[in-house]
Amino acid sequence: MNLILHQKTAERHLQDIVDIVFCHTPEQQALIIYDERSELSKCLTSAYQSILPDANAFHFDHSDPDTILDAFETLEAGDLVVLIQSTSFRLSKFRIRLELFNRKIKVIEHPHLARMREEELETYIHALAYDPSYYRTLGPQLKNQIDQANEIKITSEGRVLIYDSSFLGAKLNIGDYTGMKNIGGQFPIGEVFTEPADLDRLNGEVKIFAFGDASFSVNTPDTPFTVQIEKGILVYSDEAPERFQIVLNDIREKEEVVWVRELGFGLNRAFTREQRVTDIGTYERMCGIHLSLGSKHLQYKKTAFPNKGGFHVDVFVEAKRVEIDGLTVYQDGRYLDGLS
18 MNLILHQKTA
28 ERHLQDIVDI
38 VFCHTPEQQA
48 LIIYDERSEL
58 SKCLTSAYQS
68 ILPDANAFHF
78 DHSDPDTILD
88 AFETLEAGDL
98 VVLIQSTSFR
108 LSKFRIRLEL
118 FNRKIKVIEH
128 PHLARMREEE
138 LETYIHALAY
148 DPSYYRTLGP
158 QLKNQIDQAN
168 EIKITSEGRV
178 LIYDSSFLGA
188 KLNIGDYTGM
198 KNIGGQFPIG
208 EVFTEPADLD
218 RLNGEVKIFA
228 FGDASFSVNT
238 PDTPFTVQIE
248 KGILVYSDEA
258 PERFQIVLND
268 IREKEEVVWV
278 RELGFGLNRA
288 FTREQRVTDI
298 GTYERMCGIH
308 LSLGSKHLQY
318 KKTAFPNKGG
328 FHVDVFVEAK
338 RVEIDGLTVY
348 QDGRYLDGLS
């Protein structure tokens with residue numbers, strides 16, 4: 018697929034996001050902040066400028082910060098800001114997304130685009146496709162099952178991991194912001210995540226096929242490896258490659274043990290075990306199961322763990338089957354119909 022076709026595909030998917038997810042109308046203002054440090058940022062910028070022709074656009078690297086801040090001041094509640102970032106934009110102490118949310122402005126954020134390789138551009142763009150009937154049906158069904166669950170079982174090849182616990186209220190990232198304080202976030206989307214109410218009620222073994230590292234990149238060893246978890250702590254990883262051992266050593270050096278916190282159900286069907294992107298924060302939406310290692314989780318704060326600092330490292334499970342209270346909800350790479 019050449020760049021022109023990439024852009025046309027991106028326009029189609031982003032038009033759905035702007036119309037269906039954000040309900041943006043021509044009467045509302047739109048502002049695009051972009052850079053040109055990556056092919057993906059150039060492609061997305063052209064696509065947004067095509068579907069939002071009246072939007073004011075500012076090249077971040079060629080604009081004075083005060084000019085951008087002044088442009089923010091012209092916006093009203095319900096207006097839209099699009100951030101297209103090869104890395105992550107900084108405006109002194111101004112925390113862009115947080116401050117815009119505080120003003121009730123909608124935000125579409127595409128960060129860390131330079132982490133995607135050229136051959137991953139097509140996969141990223143396909144991941145922007147928004148199917149409301151899929152996300153807005155499957156997401157709430159999974160949340161309903163999780164919020165009532167007393168056990169979740171993940172079966173890998175010859176390995177079983179069991180959550181013998183209730184769960185904290187599952188969070189949705191499905192492009193439906195009904196009833197939420199903030200409208201928007203990072204795209205592509207597609208995830209339902211939770212963690213057990215009792216972290217120490219997680220035991221068993223599971224196989225890992227990919228994991229994040231200190232550079233926020235996805236690592237995929239040639240062969241999936243087994244880790245053992247006892248009372249919510251990863252205790253065995255002798256099969257793991259050296260790169261993963263480095264990750265564990267970094268966590269243990271600061272936190273002493275490796276807690277397993279988040280249980281994530283990725284929904285984005287453009288991301289699979291074979292179809293990947295390098296950025297861990299983007300690939301996290303992969304259609305399948307991921308866990309987080311380390312004490313850090315901004316959405317679920319526990320008094321035993323600090324709110325700042327700490328590690329949150331995503332690892333991706335070779336899940337053959339996932340059962341919630343005995344009901345199979347995921348098998349062989351896909352979610353099953355009729356979960357409720």
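In my numbering, the protein residues as written are 18 to 357.
Glycine included, C-beta positions come from ideal geometry on N, C-alpha and C.
Asked	Found
Cβ pair His127, Phe204 closer than 9 Å	yes
Ordered list of alpha helix (DSSP H) runs contained in the stretch 292–337, each at least 4 residues	297–300
Whether Val334 touches Ser173 by CB criterion (9 Å)	yes
Buried or exposed by the 16-neighbour rule on C-beta atoms within 10 Å, applied to Met197	exposed
Assumed close pair Val244, Ile263 - CB separation to whole angstroms, cut-off 8 Å	The pair is not a contact, with the Cβ atoms about 15 Å apart (cut-off 8 Å).
Completely contained beta strand (DSSP E) runs for the stretch 105–170, where each covers 3 or more residues	123–127
Alpha-carbon spacing of Ala27 relative to Tyr347, whole angstroms	29 Å
Span of the beta strand (DSSP E) around Glu279	Val277 to Gly283
Straight-line Cα distance separating Arg112 from Val177	42 Å
Top-ranked residue by Cα proximity to Arg29, from Tyr51, Phe39, Ile50 and Tyr65	Tyr65
Where Phe226 sits in the DSSP three-state scheme	strand
Reduced DSSP category for Asn266 - H, G, I as helix; E, B as strand; rest coil	helix
Closest residue to Ile290 among Pro241, Asp267, Ile200 and Phe261 (Cα-Cα distance)	One detail in the question is off: residue 290 reads as Arg in this sequence, not Ile. Of the listed residues, the one whose Cα sits closest to Arg290 is Pro241.
As assigned by DSSP and simplified to three states, the class of His79	helix
Neighbourhood of Ala146 by C-beta, 6 Å cutoff - its chain only, sequence neighbours within 5 removed	His30
Environment of Asp83 [buried if 16+ CB atoms lie within 10 Å]	exposed
Bounding residues of the alpha helix (DSSP H) (the contiguous stretch that carries Thr62)	Glu56 to Ile68
Integer-rounded CB distance, given that Leu216 should sit under 8 Å from Arg278	7 Å
Of the listed residues Asp342, Ala336, Leu265 and Gly350, nearest to His329 (C-alpha basis)	Leu265
Extent of the continuous beta strand (DSSP E) run through Ile250	Ile250 to Tyr253
DSSP beta-bridge partners of Asn73	Leu48
Inter-residue spacing [alpha-carbon to alpha-carbon] between Asp342 and Arg293	31 Å
Buried/exposed call for Gln46, threshold 16 Cβ in 10 Å	buried
Rounded straight-line distance, which links the Cα of Leu22 to that of Ala257	40 Å
Simplified DSSP assignment, three categories, for Val274	coil
Glu174, enclosing beta strand (DSSP E) - first and last residue	Segment: none, Glu174 is in no beta strand (DSSP E) and carries neither H nor E.
Spatially closest choice to Phe39 from Gly95, Lys59 and Lys25, by CA coordinates	Gly95
Straight-line Cα distance separating His129 from Asp296	7 Å
Start-to-end residues for the alpha helix (DSSP H) that takes in Leu20	Leu20 to Asp33
Buried/exposed call for Gly186, threshold 16 Cβ in 10 Å	exposed
Where the beta strand (DSSP E) containing Gln348 begins and where it ends	Leu344 to Gln348
Local Cβ density within 10 Å of Glu93, reported as buried at 16 or more and exposed below that	exposed
Neighbourhood of Lys313 by C-beta distance below 6 Å, restricted to the same chain and skipping five residues each side	Gly327, Phe328 and His329
Which of helix, strand or coil DSSP assigns to Thr84	helix
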